[in-house]
Ligand code: TRP
Ligand code: SF4
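Residue numbers (the working numbering): 4 to 327.
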């Protein structure tokens with residue numbers, strides 16, 4: 004029997020290179036080896052975006068297209084939308100009965116997101132319960148492994164704590180999941196900060212050739228390199244971080260040339276942008292094909308059908324264990 008994997012991604016607009024390199028590419032590899040469940044976390048998106056859900060539908064569709072274009076194959080893995088499976092929400096409610104408030108208040112992402120998204124009122128019940136919903140997502144499939152980035156580790160730990168507490172109160176019901184930490188370099192945005200929609204510094208998978216060239220040209224390089232003759236410091240250069248991912252074989256040569264000032268930033272960017280365009284070309288071609296086929300809804304429906312069988316079974320076990 005294959006081990007089971009579950010992971011989710013929030014629909015916050017089109018997928019960008021950071022999503023692709025950090026998560027989606029990893030999912031594409033995992034689908035060959037594991038029994039994989041991947042979903043669009045639209046309810047999680049509402050915990051912060053509840054005021055303006057108008058774009059949500061479009062965002063879900065775009066993200067699904069991106070996931071498929073990047074190589075997720077509905078023949079190999081189960082792809083679905085969180086809100087299609089009401090069982091997640093019901094298990095979330097059951098877990099809310101047993102989750103102590105201090106467990107939630109001390110989750111690092113709770114305070115950091117409130118600070119980061121100052122323009123939003125996040126003093127809501129739903130936002131505090133974000134990790135409880137995530138625990139329901141994971142535990143309802145009895146997932147063995149959850150591929151996530153480092154920022155999500157506290158959520159996985161909390162998931163295990165909720166599972167332990169449930170099993171302790173009501174008998175062995177849930178499997179304690181393990182994280183599968185994705186050890187990929189974090190891609191900076193074009194301004195050098197973390198790539199994020201909220202910073203407006205992303206490169207989207209669906210950006211046109213011209214947009215991509217423009218964005219790469221805007222990328223921050225080593226600020227100490229005013230003239231080509233100045234020795235470079237690749238460690239602080241955004242373009243260099245990208246070469247590390249897309250130009251691995253040449254990375255030590257680039258580092259040397261930059262430090263010795265025998266490589267200019269214009270040429271360096273040009274080399275990178277060509278690699279990037281070549282890398283994105285097949286993804287963009289698949290994107291166009293998927294849009295033409297209009298098969299998104301069918302794929303999500305069929306994924307929902309498969310996922311629901313497991314979710315309904317687990318929820319039923321949990322209700323029985325709790326005396327319902
Ligand atoms: N919180 C995750 C993120 O922002 C998304 C998510 C929701 C998730 N439910 C999940 C990830 C379950 C893994 C498992 O990236
Ligand atoms: Fe960055 Fe390349 Fe310029 Fe060096 S040469 S500072 S790595 S863009």
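All C-beta atoms in this analysis are idealised placements derived from N, C-alpha and C, irrespective of residue type, glycine included.
The Cβ atoms of residue 275 and residue 236 lie no closer than 8 Å to each other. 233 is the residue among 290, 289, 315, 233 whose C-alpha sits nearest the C-alpha of residue 262. The three-state reading of DSSP puts residue 183 in strand, counting E and B together.
Ranked by Cα distance from residue 48, the first of 125, 320, 168 is 125. With a cut-off of 7 Å, the C-beta of residue 33 is classified as distant from the ligand TRP, since no heavy atom of the ligand falls inside that distance. In its own chain, leaving out the 5 sequence neighbours on each side, no residue places its CB closer than 7 Å to the CB of residue 277. Less than 8 Å divides the Cβ of residue 248 from the Cβ of residue 24. For residue 242, the distance from the CB to the nearest heavy atom of the ligand SF4 is below 7 Å.
With respect to the C-alpha of residue 191, the residue from 199, 207, 170 having the closest C-alpha is 199.
For the pair residue 140 and residue 85, the CB atoms are nearer than the 8 Å cut-off.
Going by C-alpha positions, residue 290 is about 12 Å away from residue 17. Contact between residue 7 and residue 146 is confirmed by a C-beta separation of about 5 Å, below the 8 Å threshold. Taking each of 55, 136, 229, 40 in turn and checking the Cα distance to residue 123, the smallest one comes out for 55.
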